[in-house]
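First residue of the sequence shown? That's 0 in numbering that gives the first Met the number 0, and the numbers climb one at a time after it.
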Amino acid sequence: MLDKKYPAEPYRIKSVEYVKMINKAEREKVIKEAGYNTFLINSEDVYIDLLTDSGTNAMSDRQWAGLMLGDEAYAGSRNWHRLEKTVKELFGFKHVIPTHQGRGAENILSTLAIKKGQYTPGNMYFTTTRYHQEANGGIFHDIVIDEAHDTTIHHPFKGNICLKKLEDLIKKVGAEQIAYVCLAVTVNLAGGQPVSIENMKAVRKLCDKHKIKIFYDATRCVENAYFIKEREKGYANKSIKEIVFEMFSYADGCTMSGKKDCLTNIGGFLCMNDEEMFLRAKELVVVFEGMPSYGGMTGRDMEAMAIGLEESVQEEYIEHRIKQVRYLGEQLLAAGVPIMEPIGGHAVFLDARRFCPHLTQEQLPAQALAARLYVESGVRSMERGIVSAGRDINTGKNHAPKLELVRLTIPRRVYTYAHMDVVARAVIDIHKNSKSIRGLKFVYEPKMLRFFNARFEEI
Ligand code: PM9
């Protein structure tokens, strides 16, 4: 029976989608045909899909009802006005620009805010974020605290920015050479680790001193707020809504992938306070996305996002969300499986270096482990290691991140604790026989964001 510390689902199920399991021989064929890349497996061949929490959310009955209220006018849709109002109320920014998803917002921000050769320090890189920064001449510089790069260290706010690293960069290159600080809440590739309010305030103070702007990556901000409530002194009695509002009061703007914490399947937005930047963003949005009153989203998508945002800050929802992820992670820890600790907000990350100590990083242990997990169990996960990190844009050499991880990402409101049990059993069984996992090598390597389409074969 479930322990009390894991709350039951705060919803009941009104509509179901059947999943099927193909047999192991079929899965072996599928993974070979997919070039050992879990992105290239068809959804129909997957039993439990933990590839990503992006756009895989289950919408509520209120959201589905909202779809019928879509105003699909080319300009001035009423759903846009509702979404804009909801975003402004929750985040407190003066201006909102809608985009088709998070990377659309990243593209506009990077185009507007980066001059060639400027730095874009951030609390660890994210694939699409860094891509847009570099494509606009920016230089990414990692300023997350050292603890974030070690899966074994416990720190309540492992996503924090190291103020010394930021100060050192300012001293070295000069404040005018810093386009803006990018602060992600939570930090995806560090395992969904949160940032504390204390750290946000300190970063604000330092940036104010040097007149540097701060843009948050708001993608999983509600999950971040839950960790603040749980772990930071003085926040236990504040509502999630109040905490989210305070978090963003220390930023000049943010990018948002609506496919995660907004509880929808598509969409995004860019926020800012600066009037001039807003006017320029309105010019760019019509080039890349669509009218400033839809930005690539349909009216019904915007309605669903406005409702999803309201639901995302409900206390029971977010508590269950975080604890369901923790339930999976704690089972793995109890069985001695090496994972990123503490367990983060959206996923459990297997530490492939410790899981497969017989493989070097060049033998792509995380990619190989994700492929094996699929073959053994039908569970789809995602590599978040050397393959995702890509190559240095100047030297062409592989980035070799300290973290070599496989992400078991939990979609919101989709799976039950029983599914988590199935996943835990599969991972634990593979761990017992991990020496049999063979390394992989690239047979096709795309130049940009290679992890999406790369193909591999066994060494
Ligand atoms: N994240 C994820 O699976 C989907 C694409 S990468 C495999 O984690 C952050 C922190 C993200 C993110 C997407 C984006 C881009 C920005 N920041 O996918 O364009 O986790 O909506 O957002 C993915 P979009």
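We treat Cβ as the ideally placed atom computed from N, Cα and C, and that holds for glycine. In this text, all values refer to a predicted model and were calculated from it rather than measured experimentally.
- Annotation for residue 206: the continuous alpha helix (DSSP H) segment containing it runs 196-208.
- Contact check for residue 91 and residue 268: beta-carbon distance about 14 Å, past the 8 Å limit, so the pair fails to qualify.
- In this structure, the alpha-carbon of residue 291 lies about 14 Å from that of residue 100.
- Note on residue 73: under 16 other CB atoms within 10 angstroms of its CB, so exposed under the neighbour-count rule.
- If you check the CB distance, residue 331 and residue 439 do not come in under 8 Å.
- Residues lining the ligand PM9 by the Cβ criterion, that is a Cβ closer than 6 Å to any of its heavy atoms, are 51, 53, 100, 101, 102, 125, 126, 127, 128, 183, 187, 216, 218, 256, 258, 267 in chain order.
- The C-alpha of residue 181 is placed about 22 Å away from the C-alpha of residue 393.
- In this chain, the alpha helix (DSSP H) harbouring residue 220 covers 220-230.
- In terms of Cβ geometry, residue 231 and residue 191 do not form a close pair [threshold 8 Å].
- Each residue's CA atom was taken as its position, placing residue 453 and residue 373 some 17 Å apart.
- Separation of residue 86 and residue 95 (C-alpha to C-alpha, rounded to the nearest whole angstrom) is 8 Å.
- Closest in C-alpha terms to residue 225, from the list 242, 213, 342, 366, comes 242.
- DSSP links residue 415 through a beta bridge to no other residue.
- Judged by DSSP in its simplified three-state form, residue 267 adopts strand.
- When secondary structure is reduced to three states using DSSP, residue 437 falls in the coil class, being assigned neither helix nor strand.
- By the Cβ-count criterion, residue 12 is exposed, with fewer than 16 other Cβ atoms from all chains shown falling within 10 Å of its own Cβ.
- Where residue 454 is concerned, the enclosing beta strand (DSSP E) starts and stops at 454-457.
- Counted as a single uninterrupted DSSP element, the stretch harbouring residue 11 is not any alpha helix (DSSP H), since DSSP gives it neither H nor E.
- In the pairwise beta carbon analysis, the segment 145-155 is classified as not touching the segment 418-432: fewer than three pairs are separated by under 8 Å.
- Taking 8 Å as the cut-off, the Cβ atoms of residue 246 and residue 196 count as close.
- Here the C-alpha atom of residue 71 lies approximately 24 Å from the C-alpha atom of residue 53.
- Cβ atoms of residue 354 and residue 341 stay farther apart than 8 Å, at about 18 Å.
- Shown here, residue 405 sits in a strand according to DSSP, grouped into three states.
- Per the coordinates, the alpha-carbon of residue 441 lies some 29 Å from the alpha-carbon of residue 151.
- Contact check between the segment 396-409 and the segment 371-385: three or more CB pairs, one atom from each, fall below 8 Å, which counts as touching.
- A distance below 7 Å between beta-carbons, with the five flanking residues on each side excluded, links residue 369 to the following residues of its chain, in chain order: 37, 380, 381, 382, 405.
- Judged by DSSP in its simplified three-state form, residue 182 adopts strand.
- With fewer than 16 other Cβ atoms from the protein chains shown falling within 10 Å of its own Cβ, residue 401 counts as exposed.
- Between the segment 255-271 and the segment 308-324 there are three or more inter-stretch CB-CB distances shorter than 8 Å, so the stretches are counted as touching.
- Between residue 142 and residue 161, the C-beta gap is smaller than 8 Å, which places the two residues in contact.
- Residue 42 counts as exposed, since fewer than 16 other C-beta atoms from the protein chains shown sit within 10 angstroms of its C-beta.
- Exposed is the label assigned to residue 435, since fewer than 16 other Cβ atoms lie within 10 Å of its Cβ.
- Across the structure, residue 322 and residue 106 are spaced so that their CA atoms are roughly 33 Å apart.
- For residue 86, the enclosing alpha helix (DSSP H) has its first and last residue at 77-90.
- Take the alpha-carbon of residue 171 and the one of residue 207: they are about 18 Å apart.
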